[in-house]
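Down below is the structure, laid out as structure tokens.
In full-length UniProt numbering, the protein residues as written are 1 to 281.
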């Protein structure tokens, strides 16, 4: 019990980072073709995003899962089949990054739709293993004959393959505490600009860092779980936040004396369902 209290009151504890999946490259997915000009068609996924992603008054983008039509669910499943037919190892590096990010996000949304109604993605407890939770460890996709999980994509391909902390800002885990699902699909041509924009959007929101009266910060747990990706120290995390924040936000972040704690909201990033009152005769 004493150890548990320490983790949650001391805030930036390296102990909790032990529970986050480590970044370890899966050699199978290291191949690419620098000369390739092949592009992956993400039109179906882009149409889905434009139709069902909504920005709320609180600055958090949500998905209208309850409004997704049967035909659009089928279209999303067909698109995932198409993505799984792509020979990703023959794409160039920029196309691969866009491919893996879009696949991760589309597969996550599809998982939620398959298991609705749920209050949190953690309720989809299909991962193998005694201490596993949520859907991230389940091999739900097959690429080039290999079964892979969402964890494989994030921690075995994207994080170790690109070593770019901005990737965290475009991977959406269907939770309110998570960076928003991007406004449109990530593309090979624009990914650098898109990643930077996503980083700024999240960092400028209180989910990333909330500064208290004594200039002590409560940060997103992302910066604890994946601390190594942001430089490995409290100081490097703060440097990262200041680098990608807007000018006004930078001024606020310069006041921070210490990182006091961290938080994360696992509630589903769903558009609230407004109940309509029935009228009696």
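Idealized CB from N, CA, C, for every residue including glycine.
Asked                                                                                                                                                                                                                  : Found
At the level of alpha carbons, what is the spacing between residue 264 and residue 167?                                                                                                                                : 18 Å
Along the beta strand (DSSP E) that carries residue 217, what are the first and last residues, could you check?                                                                                                        : 216 to 220
Let me check understanding here. Comparing Cα to Cα, which of 22, 48, 103, 49 lies closest to residue 40?                                                                                                              : 103
When we look at the beta-carbon of residue 129 and count the other beta-carbons within 10 Å, is it buried (16 or more) or exposed?                                                                                     : exposed
At which residue ranges does the segment 226 to 276 contain complete beta strand (DSSP E) runs of 3 or more residues, listed in the order of the chain?                                                                : 258 to 263
Tell me the residue span of the alpha helix (DSSP H) that contains residue 44.                                                                                                                                         : 43 to 52
Can you round the beta-carbon distance between residue 299 and residue 135 to whole angstroms, since I take them to be within the 8 Å contact cut?                                                                     : Within the shown structure, residues of the chain are numbered from 1 to 281, placing residue 299 beyond reach of any answer.
Using 8 Å as the threshold, is the C-beta distance between residue 77 and residue 144 below it?                                                                                                                        : no
Counting C-beta neighbours from all protein chains within 10 Å, is the total for residue 131 16 or more, i.e. buried, or is it exposed?                                                                                : exposed
How about residue 233 and residue 262: do their beta carbons lie closer than 8 Å?                                                                                                                                      : no
Between residue 191 and residue 98, how many whole angstroms is the CB-CB distance? I'm expecting something under 8 Å.                                                                                                 : 6 Å
Would you tell me roughly how many angstroms separate the C-alpha atoms of residue 107 and residue 164, rounded to the nearest one?                                                                                    : 22 Å
Are residue 159 and residue 23 touching if we call contact CB-CB under 8 Å?                                                                                                                                            : yes
From which residue to which residue does the beta strand (DSSP E) around residue 40 run?                                                                                                                               : Careful: residue 40 lies outside any beta strand (DSSP E) and carries neither H nor E.
For residue 6 and residue 109, what's the separation of their Cα atoms in angstroms?                                                                                                                                   : Bear in mind that the predicted position of residue 6 carries a pLDDT of just 33, short of 50, making it unreliable; the figure below should be weighed with that in mind. Taking the straight line joining both Cα atoms gives about 35 Å.
Is it right to say residue 244 is buried, meaning 16 or more other beta carbons lie within 10 angstroms of its own, or is it exposed?                                                                                  : buried
Check this for me: beta carbons of residue 89 and residue 31, under 8 Å apart or not?                                                                                                                                  : yes
Only counting the same chain, and skipping five residues up and downstream in sequence, which positions put a Cβ closer than 6 Å to that of residue 2?                                                                 : For residue 2, the pLDDT reaches just 35, beneath the cut-off of 50, and the residue's location in the model is therefore unreliable, although a value from the coordinates is still provided. Within the same chain, residue 2 has no close Cβ partners at all.
DSSP has residue 151 in a bridge; who is on the other side?                                                                                                                                                            : In the DSSP output, where bridge partners are listed per residue, residue 151 has none listed.
Measuring only the C-alpha atoms, how far is residue 248 from residue 255?                                                                                                                                             : 12 Å
Would you give the residue range spanned by the beta strand (DSSP E) that residue 141 belongs to?                                                                                                                      : 139 to 143
Starting from the C-beta of residue 189, find all residues in its chain whose C-beta is less than 8 Å away, skip the five residues before and the five after it, and write them out in chain order.                    : 94
Label residue 66 either buried or exposed according to how many other C-beta atoms from any shown protein chain fall within 10 Å of its C-beta, with 16 as the threshold for buried.                                   : exposed
Could you tell me which uninterrupted beta strand (DSSP E) segments, each at least 3 residues in length, are contained entirely in the UniProt domain "DUF547" (89 to 203), listed from first to last along the chain? : 139 to 143, 146 to 149
Expressed to the nearest angstrom, what Euclidean distance is found between the alpha-carbon atoms of residue 236 and residue 43?                                                                                      : 38 Å
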